[in-house]
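Numbering (our numbering), first residue to last: 24 to 523.
Where a beta carbon is used, it is the ideal one built from N, C-alpha and C, also for glycine.
A quick write-up on the structure given underneath.
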Amino acid sequence: MADKEKTFQFVIVGGGIAGVTCVEQLSSQLPSADVALITAGPHIKAVTNYKQVSKTLEEFDVEEQPSSVLEEKFPNLTVIHSAVRSLNTNSHTVETVDGRVFGYKNLCICSGARPKLLAQDNPYVLGIRDTDSAQEFQKRLSKAQRIVIVGNGGIALELVYEVEGCEVIWAVKDKAIGNTFFDAGAAQFLIPSLEAEKPEAAAPCKRPRYTTEEPASGAAQTFTADRTSRRHGSDPTEPGSALGPDWHEGIVLQGVEQGSRRVSVEYQCEVEKVFTSEELLNSPQQTLRPESVGSWPVYIQLTNGKTFGCDFVVSATGVMPNTEPFLHGNAFAIADDGGLQVDDHMMTSEPNVYAAGDVCTACWEHSPLWQQMRLWTQARQMGWYASRCMAARVLSEPIELDFCFELFSHVTKFFNYKVVLLGKFNGQGLGPDHELLVRCTKGHEYVKVVLSHGRMVGAVLIGETDLEETFENLILNQMDLTAYGEELLNPNIDIEDYFD
Ligand SMILES: Cc1cc2nc3c(=O)[nH]c(=O)nc-3n(C[C@H](O)[C@H](O)[C@H](O)COP(=O)(O)OP(=O)(O)OC[C@H]3O[C@@H](n4cnc5c(N)ncnc54)[C@H](O)[C@@H]3O)c2cc1C
Numbered sequence: 024m025a026d027k028e029k030t031f032q033f034v035i036v037g038g039g040i041a042g043v044t045c046v047e048q049l050s051s052q053l054p055s056a057d058v059a060l061i062t063a064g065p066h067i068k069a070v071t072n073y074k075q076v077s078k079t080l081e082e083f084d085v086e087e088q089p090s091s092v093l094e095e096k097f098p099n100l101t102v103i104h105s106a107v108r109s110l111n112t113n114s115h116t117v118e119t120v121d122g123r124v125f126g127y128k129n130l131c132i133c134s135g136a137r138p139k140l141l142a143q144d145n146p147y148v149l150g151i152r153d154t155d156s157a158q159e160f161q162k163r164l165s166k167a168q169r170i171v172i173v174g175n176g177g178i179a180l181e182l183v184y185e186v187e188g189c190e191v192i193w194a195v196k197d198k199a200i201g202n203t204f205f206d207a208g209a210a211q212f213l214i215p216s217l218e219a220e221k222p223e224a225a226a227p228c229k230r231p232r233y234t235t236e237e238p239a240s241g242a243a244q245t246f247t248a249d250r251t252s253r254r255h256g257s258d259p260t261e262p263g264s265a266l267g268p269d270w271h272e273g274i275v276l277q278g279v280e281q282g283s284r285r286v287s288v289e290y291q292c293e294v295e296k297v298f299t300s301e302e303l304l305n306s307p308q309q310t311l312r313p314e315s316v317g318s319w320p321v322y323i324q325l326t327n328g329k330t331f332g333c334d335f336v337v338s339a340t341g342v343m344p345n346t347e348p349f350l351h352g353n354a355f356a357i358a359d360d361g362g363l364q365v366d367d368h369m370m371t372s373e374p375n376v377y378a379a380g381d382v383c384t385a386c387w388e389h390s391p392l393w394q395q396m397r398l399w400t401q402a403r404q405m406g407w408y409a410s411r412c413m414a415a416r417v418l419s420e421p422i423e424l425d426f427c428f429e430l431f432s433h434v435t436k437f438f439n440y441k442v443v444l445l446g447k448f449n450g451q452g453l454g455p456d457h458e459l460l461v462r463c464t465k466g467h468e469y470v471k472v473v474l475s476h477g478r479m480v481g482a483v484l485i486g487e488t489d490l491e492e493t494f495e496n497l498i499l500n501q502m503d504l505t506a507y508g509e510e511l512l513n514p515n516i517d518i519e520d521y522f523d
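Quick look at the structure:
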């Protein structure tokens, strides 16, 4: 190993939201501290237009910026453009792929995660992670007639809605779309958006008790839509077009056909195998063969027995924390999901090594209303809190777990609807011990409240419901709502006045 070039008081690895927020907060809190940011690419991801919407809800944009912007802002900061190849927690050093060695007093690993790919090294299987992969997707899509999207999380949801001019087969392992974020009821509220261009006349209907109406097991549903007006973004090659929360906005997701959308959902199935046309032709199992063998470059066989040919497959089946370069020779505790375990001070099991964002798994005893989800909001919160924990340790000050980890909250957009998720919005971990209240106005709003022992513990708000602040308060103060019963969602009652 080469000689140590320099020892920094703080070394942060990763120029994503978690790493950059950590650097910014550290540099503001300890302006004279020697801080290094080691990151693979020339650009960093910065949070802009940050807005605290309520006690826990926040909104912001994510922008790719040259790292020089950070160095100009913080004279104490050195940006090192290389990837970390290895870490030696005994000697407190990291080595970069270009052979340089840096010492640290405190290290924060914010190396993010990468998409789990269905098939490694298959040129017809794409994962979407960053601006480059999003542009590659766009390029391939412009020549595509049919694609298969596998996965049921946020990325898959956004893609099926945005892609036009190309047939989409959407394979989901669950009984309903968007299982990561919604239940079957919310999925059914959203599904008409895949077929209809014009919202239907709003007719309020109150569904006080919740029922799960799901498509039959193994069933396929097809939706078609023609959208006459299309939103065109700016040229994706323009500087500043970033993979942010609206990452697809600057990118035209258009297939080879014009203006039509056709999405078929294959429920409750996973991928059995990905074939080339040659492999399929030589397959001894005749049943695997779709009618048009040979006309598609790639075929995908699902566990429901169906095989589809397509131009390419998008693998949107979740992420794997980027831990590899840090593990060899060290004794990190690793969580079941592959993340570096961190405690309530964002500290890993190795001394003086912290972690934040997608790479880590929160292993402290969670508040009953919070869960980790690998999202921008949590990457920002963890990066910010990790820097405060590191600073507190250096200053020998006590620090308590930040309030943002009290209540899970996320605001986003799916199928052009505003979506707010609060607390145990899907009854996560509650078992049968909870009750649901639902109000739904087709094409307008979907409101679901999760109650446990008469107290509100979670909510899903789709559309412009204006209920987020009131519900956030009701969840945080754990008021007994038994007396209100179903009136809680009566559309004729102004709930804000009710609880004033
Ligand atoms: C297509 C897509 C859409 C998404 N949409 C949303 C959304 O709408 N809303 C939402 O909340 N979340 C969304 N997410 C999730 C969100 O992107 C992540 O939760 C968030 O970016 C995590 O931030 P991070 O800083 O932990 O990691 P990242 O943003 O992944 O940053 C990791 C950084 O570490 C660097 N790095 C990695 N390995 C090394 C190494 N060995 N040495 C040095 N540097 C290294 C990388 O270059 C990168 O700069 C989306 C994710 C994807 C892929």
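Assuming the contact rule is C-beta atoms closer than 8 angstroms, LEU49 and MET413 should be a hit. Round their C-beta distance to whole Å, please. On the sequence shown, position 26 is the one that residue 49 refers to. On the sequence shown, position 390 is the one that residue 413 refers to. 7 angstroms between Cβ atoms; contact.
Report the option in TYR440, GLY481, GLU159 and PRO89 whose CA atom is closest to the CA atom of GLU181. Numbered from 1 along the sequence shown, position 158 holds the residue referred to as residue 181. Residue TYR440 is the option with its Cα nearest to GLU181.
What's the gap between the Cα of GLN88 and the Cα of ALA69? Position 65 of the sequence shown, counting from 1, holds the residue named residue 88. Position 46 of the sequence shown, counting from 1, holds the residue named residue 69. Between GLN88 and ALA69, the C-alpha separation is close to 7 angstroms.
Straight-line Cα distance separating MET343 from PHE331: Taking the sequence shown and counting its residues from 1, the one referred to as residue 331 is at position 308. Taking the sequence shown and counting its residues from 1, the one referred to as residue 343 is at position 320. The alpha-carbon atoms of PHE331 and MET343 are separated by roughly 27 angstroms.
Residue range of the unbroken alpha helix (DSSP H) whose run includes TYR507: Translated into the one-based positions of the sequence shown, residue 507 becomes position 484. Counting along the chain, TYR507 falls outside any alpha helix (DSSP H), and DSSP gives it neither H nor E.
For ILE357, the residue or residues it bridges with in DSSP: Indexing the sequence shown from 1 puts residue 357 at position 334. For ILE357, which the question treats as bridged, DSSP gives the partners LEU363.
What do you reckon, are the CB atoms on GLY14 and CYS133 nearer than 8 angstroms? What is shown of the chain runs 24 to 523, which leaves residue 14 out entirely.
My parser needs the beta strand (DSSP E) runs of 3 or more residues fully inside the stretch 37-63; what are they? 58-62
Would you say the beta carbon of THR455 comes nearer than 7 angstroms to a heavy atom of ligand 1? In the sequence shown, counting from the first residue as 1, residue 455 sits at position 432. Going by the sequence as given, residue 455 is Pro instead of Thr. Result no, Cβ not under 7 angstroms from ligand 1.
Kindly give me the distance between the Cβ atoms of PHE205 and GLY177, rounded to whole angstroms, as I take these residues to be in contact under 8 angstroms. For the purposes of this step, residue 205 is taken as residue 182 along the sequence shown, with counting starting at 1. For the purposes of this step, residue 177 is taken as residue 154 along the sequence shown, with counting starting at 1. Contact doesn't hold; Cβ gap of about 11 angstroms is too wide.
Ordered along the chain, which non-local residues of its own chain (more than five positions away) have a Cβ less than 7 angstroms from that of GLY454? Numbered from 1 along the sequence shown, position 431 holds the residue referred to as residue 454. Same-chain partners within the cutoff: there are none.
Applying the 10 Å Cβ sphere with the 16-neighbour rule, what's the burial state of HIS255? Start at 1 with the first residue of the sequence shown, and residue 255 comes out as number 232. Caution applies to HIS255, whose pLDDT of 30 falls short of 50 and renders its modelled position unreliable; the model cannot decide the point.
Assigned secondary structure, PRO348 (DSSP; H/G/I helix, E/B strand, else coil): Locating residue 348 in the sequence shown gives position 325, where the first residue counts as 1. Three-state DSSP puts PRO348 in a helix.
Given a threshold of 16 other Cβ atoms within 10 Å of its Cβ, counted over all protein chains shown, does PHE426 qualify as buried or as exposed? Stepping through the sequence shown from its first residue, residue 426 is reached at position 403. It is exposed - the Cβ of PHE426 has fewer than 16 other Cβ atoms within 10 Å.
Residue ranges of each alpha helix (DSSP H) within the stretch 141-215, 4 or longer: 154-164, 177-185 and 207-213
Across the stretch 390-408 and the stretch 147-162, are there enough close Cβ pairs to call them in contact, namely three or more that are closer than 8 angstroms? no
Can you tell me the Cβ-Cβ gap for ASN145 and VAL337, rounded? I've got them flagged as a contact below 8 angstroms. Indexing the sequence shown from 1 puts residue 145 at position 122. Indexing the sequence shown from 1 puts residue 337 at position 314. Wrong, their Cβ atoms sit about 12 angstroms apart, outside the cutoff.
Kindly indicate the opening and closing residues of the beta strand (DSSP E) around MET479. As a first step, residue 479 is located in the sequence shown; it is residue number 456 there, counting from the start. Element bounds for MET479: 478-485.
I need the straight-line Cα distance from LYS27 to VAL480, nearest angstrom please. Within the sequence shown, residue 27 is the residue found at index 4, counting from 1. Within the sequence shown, residue 480 is the residue found at index 457, counting from 1. Those two C-alpha atoms are separated by around 51 angstroms.
So does the stretch 190-200 actually touch the stretch 352-368, counting three or more Cβ pairs closer than 8 angstroms? no
Cβ neighbour criterion (16 or more within 10 Å) applied to SER90: Here residue 90 refers to the residue found at position 67 of the sequence shown. Result: buried.
I want to check one thing, is the minimum distance from the CB of CYS189 to the heavy atoms of ligand 1 below 7 angstroms? Counted from its first residue, the sequence shown places residue 189 at position 166. Incorrect: CYS189 has no Cβ contact closer than 7 angstroms to ligand 1.
What is the rounded straight-line gap between the Cα of TYR290 and the Cα of GLY328? Looking up residue 290 in the sequence shown gives position 267. Looking up residue 328 in the sequence shown gives position 305. Rounded to the nearest angstrom, the two C-alpha atoms are 12 angstroms apart.
My output table needs one value for ASN111: the three-state DSSP class, helix, strand or coil. Taking the sequence shown and counting its residues from 1, one reaches residue 111 at position 88. ASN111: strand per DSSP, three-state reduction.
Do the stretch 59-75 and the stretch 93-104 meet, that is, are 3 or more Cβ pairs less than 8 angstroms apart? yes
Just to confirm, are TRP407 and THR62 a CB contact at a threshold of 8 angstroms? In the sequence shown, counting from the first residue as 1, residue 407 sits at position 384. In the sequence shown, counting from the first residue as 1, residue 62 sits at position 39. Contact flag unset, no.
What number of angstroms, rounded off, separates the C-alpha of ALA25 from the C-alpha of LEU60? Looking up residue 25 in the sequence shown gives position 2. Looking up residue 60 in the sequence shown gives position 37. Roughly 20 angstroms separates the two Cα atoms.
What are the partner residues of ALA385, as DSSP defines its beta bridges? Here residue 385 refers to the residue found at position 362 of the sequence shown. VAL365, per the DSSP bridge assignment.
Got a sec: does ligand 1 put a non-hydrogen atom nearer than 7 angstroms to the Cβ of ALA63? As a working mapping, residue 63 is identified with position 40 in the sequence shown. Correct: ALA63 has its Cβ closer than 7 angstroms to ligand 1.
Those residues which DSSP pairs with TYR377 across a bridge: Working through the sequence shown from its first residue, we reach residue 377 at position 354. TYR377 is bridged to CYS131 and MET370.
Report yes or no: do the stretch 456-463 and the stretch 505-523 share at least 3 C-beta pairs separated by less than 8 angstroms? yes
Return the CA-CA distance between LYS287 and LEU497, expressed in angstroms with no decimal places. Taking the sequence shown and counting its residues from 1, one reaches residue 287 at position 264. Taking the sequence shown and counting its residues from 1, one reaches residue 497 at position 474. For clarity, residue 287 is Ser in the given sequence; the question names Lys instead. Whole-angstrom Cα-Cα distance: 39 angstroms.
Residues near TYR322 by beta carbon distance below 6 angstroms, same chain, minus five either side: Stepping through the sequence shown from its first residue, residue 322 is reached at position 299. So the qualifying residues of the chain are PHE298, LEU303, THR330 and GLY332.
So is HIS433 buried or exposed if we call it buried at 16+ other beta carbons inside 10 Å? For the purposes of this step, residue 433 is taken as the residue at position 410 of the sequence shown. It counts as buried.
Local conformation of ASP26 per DSSP, three classes: One-based indexing of the sequence shown puts residue 26 at position 3. ASP26: coil per DSSP, three-state reduction.
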